[in-house]
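Structure first, commentary second.
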Amino acid sequence: MSAAQQPTTTVATPRGWTDVYEEMGGDYEWGPEGVAAGLAARLGLARPTPCFAQTLSSGGPVRLFQAGDAFYLWNPIQGHVWRATKPTTLAEIAGAISSGGLAAVACEEVDK
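Residue numbers (the working numbering): 423 to 534.
Given below as structure tokens:
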């Protein structure tokens with residue numbers, strides 16, 4: 423994994439989520455030829471950088487990534503991608519998820 427893709431945040435990881443690269447799908451999802459790179463290219467997004475992913479024990483497949491100046495939620499099983507519209511910073515999104523779950527993040531679906 424290149425340094426540009428490696429999560430580099432000091433934001434606290436929400437409960438039930440991880441910021442460990444391998445637990446977020448590793449190179450299969452986030453490498454230069456990974457699933458997320460293909461997804462971002464198809465959607466016209468900048469190269470994605472993983473931030474957090476729900477843990478297997480939490481029962482959810484959702485990933486949070488940054489592309490350009492925006493943050494996105496991605497369900498790789500269903501193939502849906504949503505852009506976070508409020509809050510819009512990583513710290514605020516993590517705080518919202520910690521206090522109210524995914525429902526606390528306002529999003530708009532990104533066209534496939």
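Don't be surprised by glycine CBs; every beta carbon is placed ideally from N, CA and C.
Starting from residue i, follow the alpha helix (DSSP H) in both directions and report where the run begins and ends.
i: E451; result: G448 to W452
i: V503; result: Unbroken run through V503 is the beta strand (DSSP E), H502 to K508; no alpha helix (DSSP H).
i: A528; result: Element bounds for A528: not the alpha helix (DSSP H) but the beta strand (DSSP E), A528 to E531.
i: L467; result: Looking at the DSSP string, L467 is not in any alpha helix (DSSP H), and its letter there is neither H nor E.
i: L495; result: Element bounds for L495: not the alpha helix (DSSP H) but the beta strand (DSSP E), A492 to N497.
i: E514; result: L512 to G522
Does residue i come within less than 8 Å of chain D when only Cβ atoms are used?
i: R505; result: The chain labelled as chain D is not found in the depicted structure, where only one protein chain is given.
Got a sec, what are the start and stop residues for the beta strand (DSSP E) residue i sits in?
i: A538; result: Nothing can be reported for residue 538: it is not among the residues displayed for the chain, which extend from 423 to 534.
Could you check if residue i is buried or exposed, using at least 16 other CB atoms within 10 Å of its CB as the buried criterion?
i: P436; result: buried
i: P454; result: exposed
i: D441; result: buried
i: T471; result: buried
i: Y494; result: buried
i: G481; result: exposed
i: A425; result: Interpretation of A425 is limited by its pLDDT of 47, a score under 50 that renders its predicted location unreliable; the figure taken from the coordinates is listed afterwards. Exposed, because fewer than 16 other Cβ atoms sit within 10 Å of the Cβ of A425.
i: I519; result: buried
i: I499; result: exposed
i: A468; result: exposed
Spell out the partners DSSP gives residue i in its beta bridges.
i: A475; result: T440 and R485
Three CB pairs or more closer than 8 Å across the region 445-464 and the region 509-524: No, they do not touch.
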